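Residue numbers (the working numbering), protein chains in the order written: chain A, 15 to 220; chain B, 15 to 220. All residues carry an ideal CB built from backbone N, CA and C; glycine is no exception. Note that the coordinates shown come from a computational prediction; the quantities given were computed from them, not determined experimentally. These notes concern the structure reproduced below.
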DNA sequence: ACTATCTTGCACACTCATGTGCACAATAAG
DNA sequence: CTTATTGTGCACATGAGTGTGCAAGATAGT
């Protein structure tokens with residue numbers, strides 16, 4: 015009856031499955047349970063020992079990812095809404111591995127609901143940011159604030175999921191794209207990033 | 015041996031299937047043959063009388079769509095590259111029904127190859143336009159021309175496939191988004207469209 | 001060493017989708 | 001009206017994926 019502590023390799027394997035699922039599902043949201051398990055170096059049967067369901071696995075992936083994003087969203091407190099937007103994009107980019115799954119799964123009809131719910135805080139932040147940016151004259155006002163917020167979300171999702179995350183200028187591309195959508199000209203975005211070099215920190219990796 | 019002319023209802027049904035497939039696949043690229051056939055008012059078995067394969071159906075959809083897009087691409091001859099880009103986006107938008115399938119299928123691993131091949135002329139046009147726009151100082155130069163071209167493609171695809179095509183301001187949104195990505199500030203885009211009202215012709219429909 | 005905890009392979013039942021064969025009913029063209 | 005053409009329902013084979021039961025083997029913790 016004295017329940018022994020869970021074995022170490024078990025929790026490692028569980029984490030391995032989540033990691034494998036992350037890569038596999040980012041490429042193909044319909045990746046089979048077998049593919050995921052194999053790419054984690056385990057058998058399909060074992061995966062079912064760790065997760066009740068294919069769905070349970072995916073839900074955990076979404077939830078843990080969303081938690082990170084929402085934390086990031088709260089951490090951005092810049093006065094200047096343009097800076098805030100740029101920083102938000104840059105920070106999210108660093109979580110690329112997690113974001114890519116979320117971005118891919120967000121389109122999957124089966125999980126839109128859960129994803130939307132989990133990402134609600136982040137979405138609220140973006141919406142508030144869009145409104146504030148319009149009020150202080152930083153962002154475009156030819157579109158209604160909710161429309162602009164949604165556009166920013168969609169474009170960010172696209173650039174993140176359709177870009178090779180390992181390429182050097184990728185983070186830069188993401189930030190500049192979002193600023194463009196917000197209404198800035200490319201020169202304005204360029205100046206902004208030049209005067210705040212910490213946002214797109216030079217990443218040593220080639 | 016005297017082969018009779020094909021019956022009229024047969025060709026109508028064939029067209030009906032293509033049309034139904036267009037709507038169904040735009041929403042869900044994995045829509046089953048049965049769903050497509052039923053939504054065309056026919057039985058699954060009948061569909062297989064018109065198309066050898068699920069693949070054959072999809073390939074025909076892509077090919078016929080691509081033909082339209084490529085024709086549009088050739089029809090845009092404006093001197094001003096900003097105008098050319100805006101007009102291209104607006105014209106493509108009118109083909110929304112066809113574009114949405116292509117946009118959705120373009121992501122499907124099984125058909126990327128064929129889609130890319132079929133849309134090569136359109137892609138060439140965009141690439142040339144990006145280069146020209148950079149040379150005459152209209153478009154951003156903080157990104158390499160091929161990168162910019164790809165970004166324009168991806169963003170156009172996103173805004174097209176993730177927007178309710180029936181909403182009134184949709185075409186406007188598509189055009190403005192593309193111009194923003196090209197590097198224009200929202201005010202520049204606004205002025206540009208104001209001075210060329212024919213591009214986003216007022217669509218009477220509410 | 002002992003043992004509870006994992007992992008594995010295999011068989012099985014189930015679902016969903018594809019593609020085909022065939023007989024029969026409907027119908028447009030002549 | 002006659003008939004070739006087309007549509008339909010059903011059965012069937014196939015394949016891929018999911019989820020479970022079970023017995024046997026491997027292994028980390030104590």
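Distance, Cα to Cα, residue i vs residue j?
i: residue 171(B); j: residue 137(B); result: 12 Å
i: residue 38(A); j: residue 131(A); result: 23 Å
i: residue 175(A); j: residue 40(A); result: 8 Å
i: residue 103(B); j: residue 185(A); result: 27 Å
i: residue 187(B); j: residue 114(B); result: 16 Å
i: residue 179(A); j: residue 20(A); result: 35 Å
i: residue 195(A); j: residue 141(A); result: 14 Å
i: residue 64(A); j: residue 30(A); result: 11 Å
i: residue 210(B); j: residue 79(A); result: 45 Å
i: residue 26(B); j: residue 55(B); result: 12 Å
i: residue 128(B); j: residue 67(B); result: 15 Å
i: residue 215(A); j: residue 70(B); result: 49 Å
i: residue 177(B); j: residue 161(A); result: 11 Å
i: residue 192(A); j: residue 58(B); result: 45 Å
i: residue 143(A); j: residue 99(A); result: 7 Å
i: residue 146(B); j: residue 158(B); result: 12 Å
i: residue 82(A); j: residue 154(A); result: 29 Å
i: residue 208(A); j: residue 197(A); result: 18 Å
i: residue 201(B); j: residue 118(A); result: 33 Å
Grouping DSSP H, G and I as helix and E and B as strand, with all else coil, what is residue i?
i: residue 63(B); result: helix
i: residue 113(A); result: helix
i: residue 209(B); result: coil
i: residue 39(A); result: helix
i: residue 139(B); result: helix
i: residue 190(B); result: helix
i: residue 55(A); result: coil
i: residue 181(A); result: coil
i: residue 160(A); result: helix
i: residue 70(A); result: helix
i: residue 128(A); result: helix
i: residue 153(A); result: coil
i: residue 173(B); result: helix
i: residue 108(A); result: helix
i: residue 199(A); result: coil
i: residue 90(A); result: coil
i: residue 101(B); result: helix
i: residue 47(B); result: helix
i: residue 25(B); result: helix
i: residue 122(A); result: coil
i: residue 80(A); result: helix
i: residue 18(A); result: coil
i: residue 32(B); result: helix
i: residue 215(A); result: coil
i: residue 133(A); result: coil
Is the Cβ of residue i closer than 8 Å to any Cβ of chain B?
i: residue 139(A); result: no
i: residue 176(A); result: yes
i: residue 195(A); result: yes
i: residue 119(A); result: no
i: residue 172(A); result: yes
i: residue 36(A); result: no
i: residue 210(A); result: no
i: residue 191(A); result: yes
i: residue 93(A); result: no
Taking CB distances under 8 Å as the criterion, tell me whether residue i reaches chain A.
i: residue 200(B); result: yes
i: residue 206(B); result: no
i: residue 42(B); result: yes
i: residue 154(B); result: yes
i: residue 165(B); result: yes
i: residue 109(B); result: no
i: residue 123(B); result: yes
i: residue 168(B); result: yes
Residue i and residue j look like a contact to me (Cβ under 8 Å); what is the Cβ gap, rounded to whole Å?
i: residue 52(A); j: residue 111(A); result: Going by Cβ atoms, the distance from residue 52(A) to residue 111(A) rounds to 20 Å, so no, they are not a contact pair.
i: residue 190(B); j: residue 156(A); result: 7 Å
i: residue 43(B); j: residue 122(B); result: 5 Å
i: residue 105(A); j: residue 126(A); result: That pair is no contact at about 24 Å.
i: residue 32(B); j: residue 75(B); result: 6 Å
i: residue 269(A); j: residue 61(A); result: What the structure shows of chain A is the stretch from 15 to 220, and residue 269(A) is not part of that stretch, so it cannot be assessed.
i: residue 199(A); j: residue 199(B); result: 3 Å
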